[in-house]
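Under the numbering used here, the letters of the sequence shown match residues 339 to 760, in that order. One structure below.
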Amino acid sequence: MTTSPRRMTNPRQVTIRRASAALLALTLAACGGGASDDAEGARPGSGSAKGMPELAIPVATETGRGLLEVVDPTYLERPLFHDFGEMIYGERREWITRFRNVGTSPVEVLSAQAACGCTRLFSMTVVPPEGGAPTTYKSFDERPITTVPVGGELELNVLVLSQFTTPNQRKLALFRLSTNSDLEPYTTLEVSFLPKRPFIFAPTEAKLLNVPTSHGKEARVKVLVESPGDPGRVLGIESAPEGLEVGLVEETFAGEFVWYIDIRVPPLTPLGVIRGAVVLRTTDSLGEGDEGRLSLPLIAQVVADVVMEKPLAALGAFKANEGTVFESRLNALVPGAKMRVLGTRIEDAGFDGIEVEVEPVTPDDDGRAKEWRVTVRVAPGCPPGFLTGDIVFELDEPIGGTRDSADGTELRIRLSGRVLEA
Numbered sequence: 339m340t341t342s343p344r345r346m347t348n349p350r351q352v353t354i355r356r357a358s359a360a361l362l363a364l365t366l367a368a369c370g371g372g373a374s375d376d377a378e379g380a381r382p383g384s385g386s387a388k389g390m391p392e393l394a395i396p397v398a399t400e401t402g403r404g405l406l407e408v409v410d411p412t413y414l415e416r417p418l419f420h421d422f423g424e425m426i427y428g429e430r431r432e433w434i435t436r437f438r439n440v441g442t443s444p445v446e447v448l449s450a451q452a453a454c455g456c457t458r459l460f461s462m463t464v465v466p467p468e469g470g471a472p473t474t475y476k477s478f479d480e481r482p483i484t485t486v487p488v489g490g491e492l493e494l495n496v497l498v499l500s501q502f503t504t505p506n507q508r509k510l511a512l513f514r515l516s517t518n519s520d521l522e523p524y525t526t527l528e529v530s531f532l533p534k535r536p537f538i539f540a541p542t543e544a545k546l547l548n549v550p551t552s553h554g555k556e557a558r559v560k561v562l563v564e565s566p567g568d569p570g571r572v573l574g575i576e577s578a579p580e581g582l583e584v585g586l587v588e589e590t591f592a593g594e595f596v597w598y599i600d601i602r603v604p605p606l607t608p609l610g611v612i613r614g615a616v617v618l619r620t621t622d623s624l625g626e627g628d629e630g631r632l633s634l635p636l637i638a639q640v641v642a643d644v645v646m647e648k649p650l651a652a653l654g655a656f657k658a659n660e661g662t663v664f665e666s667r668l669n670a671l672v673p674g675a676k677m678r679v680l681g682t683r684i685e686d687a688g689f690d691g692i693e694v695e696v697e698p699v700t701p702d703d704d705g706r707a708k709e710w711r712v713t714v715r716v717a718p719g720c721p722p723g724f725l726t727g728d729i730v731f732e733l734d735e736p737i738g739g740t741r742d743s744a745d746g747t748e749l750r751i752r753l754s755g756r757v758l759e760a
């Protein structure tokens, strides 16, 4: 660790200052006693043989004089630097750095912060001097986080998360430790790495939106090597979000390996959003080992079998004397399914001048269609203030995922708007 010279306490300077203070004390004692032989045996600060009052010599305070110094650095010229070199994009690495408090007072660790999301403090361990039991911290909310005694050691375990960087570009990540040391209050660690991505996804993430709960949905993502001829290989599936069915298919095309990730949201999956990632087990960029990890971001949204394009009938702000119009569409999501809207009604709006018009898009002979146009008209005269309520669509068949009625044939959409003074 390099320490700024202006903050350093030079031992030779301390000796000179103490010698000067002692000489000053001897001189004052000699002058006050009036005889040089009385002063010769006097110790600084102890008074003379003739009852001289004791003279206290000022001693510099030790508060904040702790100093953390790297133990056994990898690079002597840059003890706070570590280079991981090339690593697989998405791979996680750990860097453990040891410090020793070589100062003259304890060091309080006030904070530990990363400059970006690709580094994170995984743990902090304090080892007291003379073989004391170490203490490990994994929560860093307290202030100070911990204290390193004189002669004790501090071990930092910094986690590098390469998936939060740009692939195939070298990264220099910074991590700062803040302490109460007057000599070196800030310690900045530097981590360098090159996250190589030997594989690419097409598309770059798996999106399964508007998944009808009674039918489910499937998606396929292709995996290719970054450059033709690369020896990297996808070996298998390491993990996937719970509740999904995920498979891996390997094929060759024109002498190149191609992999497909098949993702399926099974029928009757509960309504809601599923977020996570499918993690693949791979070789390195040279086609060796099995420690590589490739992460495919994934989001799935399970909804009722019939939805409106705009899930909220947001009327916005409109003047009371003008009214407003809202338009959207009802969609039957199950492949091949069609529906008929038997009727509509407005509930709990507090204003009678709201009408809902529905019209099928390319209906069949029975008047059933996969899509229906929806137009909501609010007539002039609505009282100023917030307008809320429900639009209820009565359908001819039960729809999956609804909980609003016993037979499940009603779809309820929230209506909201703000009526302004004319």
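Even glycine gets a Cβ: it sits at the ideal position worked out from N, Cα and C. Quick caveat: nothing in here was measured; it's all calculated off a predicted structure.
Taking DSSP as the reference, what is the three-state secondary structure of PHE689? coil
Anticipated Cβ contact below 8 angstroms, LEU512 with ILE538, distance rounded: The Cβ separation is near 29 angstroms, so there is no contact.
Report yes or no: do three or more beta-carbon pairs, one from the stretch 596-615 and one from the stretch 632-639, lie closer than 8 angstroms? yes
Beta carbon of ASP421, beta carbon of PRO550: below 7 angstroms? no
Distance check for VAL465 and SER633, CA to CA, integer angstroms please. 37 angstroms
DSSP bridge partner residues for ASN439 (one or two, in chain order): LEU406
Beta strand (DSSP E) segments (min. 3 residues) lying fully within the stretch 429-506: 430-439, 445-452, 457-465, 473-475, 484-486, 491-499
With DSSP as the reference, identify every bridge partner of TYR524, one or two as the case may be. SER516
DSSP three-state assignment for LEU534, whether helix, strand or coil: Strictly speaking, residue 534 in this sequence is Lys, with Leu absent from that position. In this structure, LYS534 counts as strand in the three-state DSSP scheme.
Looking at the unbroken beta strand (DSSP E) that takes in MET425, where does it start and where does it end? 419-426
Are the stretch 683-697 and the stretch 711-719 touching by the rule of at least three beta carbon pairs closer than 8 angstroms? yes
Cβ atoms of LEU573 and THR620: under 7 angstroms apart, would you say? yes
Can you give me the C-alpha to C-alpha distance between VAL679 and ALA592, rounded to a whole angstrom? 52 angstroms
Would you call the stretch 425-445 in contact with the stretch 401-417, where contact means no fewer than 3 C-beta pairs closer than 8 angstroms? yes
At 3 residues or longer, what runs of the beta strand (DSSP E) sit wholly inside the stretch 646-676? 650-657, 662-670
When the Cα atoms are used, what is the spatial distance from LEU618 to LYS534? 15 angstroms
Which term fits GLU522, buried or exposed, when burial requires 16 or more other beta carbons within 10 angstroms of its beta carbon? buried
Quick check on DSSP: helix, strand or coil for SER754? strand
Neighbour-count burial assignment, VAL663, 16 or more Cβ in a 10 Å radius: exposed
In terms of residues, what are the limits of the beta strand (DSSP E) holding ILE729? 723-733
Cα-Cα separation between LEU515 and GLU480, rounded to whole angstroms: 14 angstroms
Just how far apart, CA to CA, sit PRO566 and GLU594? 7 angstroms
Considering Cα atoms alone, identify which of GLY755, GLU735, GLN507, ALA452 is closest to GLU748. GLU735
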